[in-house]
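Q: Chains as they are written, first to last, in this note's numbering: chain A, 2 to 115; chain B, 40 to 152. Supplied in structure tokens, the structure appears directly below.
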Amino acid sequence: DQQVKQNSPSLSVQEGRISILNCDYTNSMFDYFLWYKKYPAEGPTFLISISSIKDKNEDGRFTVFLNKSAKHLSLHIVPSQPGDSAVYFCAASEGGGGADGLTFGKGTHLIIQP
Amino acid sequence: DSGVTQTPKHLITATGQRVTLRCSPRSGDLSVYWYQQSLDQGLQFLIQYYNGEERAKGNILERFSAQQFPDLHSELNLSSLELGDSALYFCASNEGDFNEKLFFGSGTQLSVL
């Protein structure tokens, strides 16, 4: 049973527009969420995170929104740039238990078109 | 560059064989994590070591084992390999417990033929 779902395997967005990547989860005990970004031939790199006590966290062009009632989070990238083309993984953990409790989604491949 | 080093980058072997994947964590990090990414799958947590001791286990097969040495580098041993073990294996590290932020290596692509 997949507890973290990224239902869009890929997403194509025009440069300069907003990219919205979505993530749904089923485990109501998840209380910390992260987004990782992965380029080909590289490992994932941490992008942004959010605790369940917040509903929004911003870092430059990247904003993560959390809707606990809907068990849904989204990553907004504004404006989208060519270097944002990558695979984005959503991850969740429960109870401050550390990274061993992280559950990852399958990823969304974001393609920024010029 | 994350500071996490994995070797080799690519490994091709045959069914039934045994291989060892190596990981050097970031300087100062005590925890090492191993993940498997199969085709069309997300990152699956295998096992965590903290300062030489096994700390947590995930979906790791009995044919797989790992260890962390006194210098904090780690090795993942995969034995009696099957075709389905073909995957990208990532090592990640961080300072330790209660820290979800991970620093990943670039992975070892294992192909079992």
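Cβ coordinates follow ideal geometry from the N, Cα and C atoms, glycine included.
#1: Against Asp27/B, what residues of chain A qualify as contacts under a CB-to-CB distance less than 8 Å, listed in chain order?
#2: Just to confirm before moving on: does the CB-CB distance between Ser132/B and Val71/B stay below 9 Å?
#3: Cβ of Gln106/B less than 9 Å from any chain A Cβ?
#4: Using 8 Å as the threshold, is the stretch 68-79 of chain A in touch with the stretch 22-29 of chain A, meaning 3 or more CB pairs across them?
#5: For Pro45/A and Thr109/A, which I take to be in contact (beta-carbon distance under 8 Å), what is that distance rounded to the nearest angstrom?
#6: Do Tyr26/A and Lys57/A have their C-beta atoms within less than 9 Å of each other?
#7: In chain order, what residues of the same chain lie with their CB nearer than 7 Å to the CB of Gln107/B, ignoring the 5 residues before and after it?
#8: Which stretch, first to last residue, makes up the beta strand (DSSP E) that contains Lys107/A?
#9: Would you mind reading off the limits of the beta strand (DSSP E) that contains Phe63/A?
#10: Is Tyr50/B near Leu115/B, with beta carbons less than 9 Å apart?
#11: Tell me whether Leu14/B sits in a helix, a strand or coil according to DSSP, three-state version.
#12: Express the C-alpha separation of Phe90/A and Pro83/A in angstroms, rounding to a whole number.
#13: Can you tell me where the beta strand (DSSP E) holding Asp25/A begins and where it ends?
#14: Sort Ser86/A, Thr104/A and Asp85/A by Cα distance to Ser94/A and report the nearest one.
#15: Output, in sequence order along the chain, the residues in the stretch 42-57 of chain A whose CB is closer than 8 Å to any CB in chain B.
#16: Once DSSP output is grouped into helix, strand and coil, what is the label at Asp124/B?
#17: Taking just the CA atoms, how far does Gln75/B sit from Glu125/B?
#18: With DSSP run on the structure shown, which of helix, strand or coil describes Asp2/A?
#19: So, helix, strand or coil for Asp79/B, using DSSP?
A: A quick look at the data gives this:
#1: Outside the displayed span of chain B (40 to 152) sits residue 27/B, for which this structure offers no information.
#2: Residue mapping note: residue 132/B aligns to position 93 of the second sequence, counting from 1. Residue mapping note: residue 71/B aligns to position 32 of the second sequence, counting from 1. In this structure, Val71/B lies closer than 9 Å to Ser132/B by Cβ.
#3: For the purposes of this step, residue 106/B is taken as the residue at position 67 of the second sequence. False, the Cβ-Cβ gap to chain A never drops below 9 Å.
#4: yes
#5: Counting from 1 along the first sequence, the entry for residue 45/A is found at position 44. Counting from 1 along the first sequence, the entry for residue 109/A is found at position 108. Not confirmed; about 13 Å, so no contact.
#6: The count along the first sequence starts at 1 and reaches residue 26/A at position 25. The count along the first sequence starts at 1 and reaches residue 57/A at position 56. No. Outside cutoff.
#7: As a first step, residue 107/B is located in the second sequence; it is residue number 68 there, counting from the start. Result list for Gln107/B: Val71, Tyr88, Gly91 and Ser113, in chain order.
#8: Looking up residue 107/A in the first sequence gives position 106. First-last for Lys107/A: undefined, no H or E at that position.
#9: As a first step, residue 63/A must be located in the first sequence, where it is residue number 62. Counting along the chain, the beta strand (DSSP E) containing Phe63/A begins and ends at Phe63 to Asn68.
#10: Numbered from its first residue, the second sequence carries residue 50/B at position 11. Numbered from its first residue, the second sequence carries residue 115/B at position 76. The sequence given here places Leu at residue 50/B; Tyr does not occur at that position. Taking 9 Å as the Cβ cut-off, Leu50/B and Leu115/B do not qualify as a contacting pair.
#11: What the structure shows of chain B is the stretch from 40 to 152, and residue 14/B is not part of that stretch, so it cannot be assessed.
#12: Here residue 83/A refers to the residue found at position 82 of the first sequence. Here residue 90/A refers to the residue found at position 89 of the first sequence. Near 18 Å, if we compare the C-alpha coordinates of Phe90/A and Pro83/A.
#13: In the first sequence, the residue the question calls residue 25/A occupies position 24. Per DSSP, Asp25/A belongs to the beta strand (DSSP E) from Ser20 to Tyr26.
#14: The residue you call residue 94/A lines up with position 93 of the first sequence. For the residues Ser86/A, Thr104/A and Asp85/A, the minimum Cα distance to Ser94/A belongs to Thr104/A.
#15: Ala42, Glu43, Gly44, Pro45, Thr46, Phe47 and Ser50
#16: Residue 124/B sits at position 85 when you count from the first residue of the second sequence. Of the three classes helix, strand and coil, the one that applies to Asp124/B here is helix, per DSSP.
#17: Locating residue 125/B in the second sequence gives position 86, counting from the first residue. Locating residue 75/B in the second sequence gives position 36, counting from the first residue. Here residue 125/B is Ser; the residue named in the question, Glu, does not match the sequence. Roughly 9 Å separates the two Cα atoms.
#18: Your numbering for residue 2/A matches position 1 in the first sequence. Here Asp2/A sits in coil by DSSP.
#19: Here residue 79/B refers to the residue found at position 40 when the second sequence is read from its first residue. DSSP places Asp79/B in coil when its eight states are reduced to three.
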